[in-house]
Amino acid sequence: MKAIAYYAALPIHDPKSLQDIELPEPVAGPRDLLVEVKAISVNPVDTKVRQNVAPENGTAKVLGWDVAGVVKAVGNEVTLFKAGDKVFYAGSLVRPGGNSELHTVDERIVGHMPKSLGFAEAAALPLTAITAWELLFERLQVREGKTDEGQTLLIVGAAGGVGSILTQLAAQLTALKVIGTASRPETRAWTKDLGAELVIDHNQPLSEELKRVGVPQVTHVASLTQTDHHLDQLVEALVPQGKLALIDDPKALDVSKLKRKSLSLHWEFMYTRSMFETADMIEQHNLLNRVAELIDAGTLKTTLGEHFGVINAHNLRRAHELLESGKAKGKIVLEGF
108 MKAIAYYAAL PIHDPKSLQD IELPEPVAGP RDLLVEVKAI SVNPVDTKVR QNVAPENGTA
168 KVLGWDVAGV VKAVGNEVTL FKAGDKVFYA GSLVRPGGNS ELHTVDERIV GHMPKSLGFA
228 EAAALPLTAI TAWELLFERL QVREGKTDEG QTLLIVGAAG GVGSILTQLA AQLTALKVIG
288 TASRPETRAW TKDLGAELVI DHNQPLSEEL KRVGVPQVTH VASLTQTDHH LDQLVEALVP
348 QGKLALIDDP KALDVSKLKR KSLSLHWEFM YTRSMFETAD MIEQHNLLNR VAELIDAGTL
408 KTTLGEHFGV INAHNLRRAH ELLESGKAKG KIVLEGF
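Going by this note's numbering, the sequence shown opens with residue 108, and the numbers climb by one from there.
Structure (structure tokens):
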């Protein structure tokens, strides 16, 4: 089968950083689906792994943790899906990625694809939807409905992949006042369109920007990028006993700064459940199905930002390059082999 992989951790401008190769077809384990991959999307985790993780013993390492496709076969213990089902999922970091014609994945982290979307639009959603859902409802413990009326969520990096779905979830499903950060006219418009009530500039001091728009403090912060750079401003912006959640990888984080206000810190890593095969691993199946229902009801919309053409090494290198520039809006998707 066709696949895109790498043999050494290289800069993205090197043609060997991602290569078109042929691999044997994978075989489904007892709880696995064998999926015919129709579309994929690219995430910052792809670039981080490619830059920092060298393949073992000269083997090919396949990236890609967002897939939309069709189930070709199922393992003998599978109960949630059958051959022919359209599915979408984010996979597992401890297994080969989905940048290949065929891919195996545990059924417990797979959802039924939204009926109203094509494969490209669906592939934009799984990883960011899981991350945003778990961050909002499980880490920050925000509740659906009107319970949290009068509270405010600041989303730092609201125009990116996770921010684009988190903004929608918070605006559509909760009573939170949503404030997003974006620095360019096109990303500000994108964030506003997704449901942010206010948009401020993260290139300026965030606490000053909040005061400028009439919101001196917020109750919740979702810091999706540059947390170490913004930490002092976020501590200042949060109310006493507020909640700070993050998903990025700061080199250092002085958590003692949170003590004076009794701020709580929450880290979201959507691969925790699949890496450790937690007892509640199936919750990712459930929440993806819920997201699909919300998409089909028109409550949420795909966060596809750009379509980069067919799935090959050249187009994937272009996608990685754009992600590494920090200027991507929404999700980058590739479709077909």
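Where is the CB? At the ideal position from N, CA and C, for every residue including glycine.
Within the DSSP secondary-structure output, W374 pairs in a beta bridge with L353.
By the Cβ criterion, the region 172-188 is in contact with the region 131-141, since at least three pairs of Cβ atoms, one from each stretch, lie closer than 8 Å.
Linking T154 to T288 through their CA atoms gives a straight-line distance of about 23 Å. Excluding its 5 nearest sequence neighbours in each direction, K179 has C-beta neighbours in its own chain below 6 Å: L141, E143, listed in chain order. With contacts defined by Cβ atoms closer than 9 Å, L305 and V285 form a contacting pair. Our two residues, T326 and N422, have alpha carbons roughly 41 Å apart in a direct line. In this structure, H373 sits near K350, with a CB-CB distance shorter than 9 Å.
Secondary structure of K436 (DSSP, three-state): coil. Rounded to the nearest whole angstrom, the C-alpha separation of A227 and E442 is 6 Å. In the three-state reduction of the DSSP assignment, D213 falls in the strand class. Contact annotation: the region 402-417 does not touch the region 239-259, with fewer than three C-beta pairs closer than 8 Å. Taken in chain order, the unbroken stretches of alpha helix (DSSP H) that lie wholly in the region 263-312 and span 4 residues or more are 268-280, 292-300. The C-beta separation of A231 from V417 comes to about 16 Å, leaving the pair out of contact by the 8 Å criterion.
In this structure, G171 keeps its C-beta atom at 9 Å or more from the C-beta atom of F195. Assignment of E428 by DSSP, reduced to helix, strand and coil, places it in the helix class.
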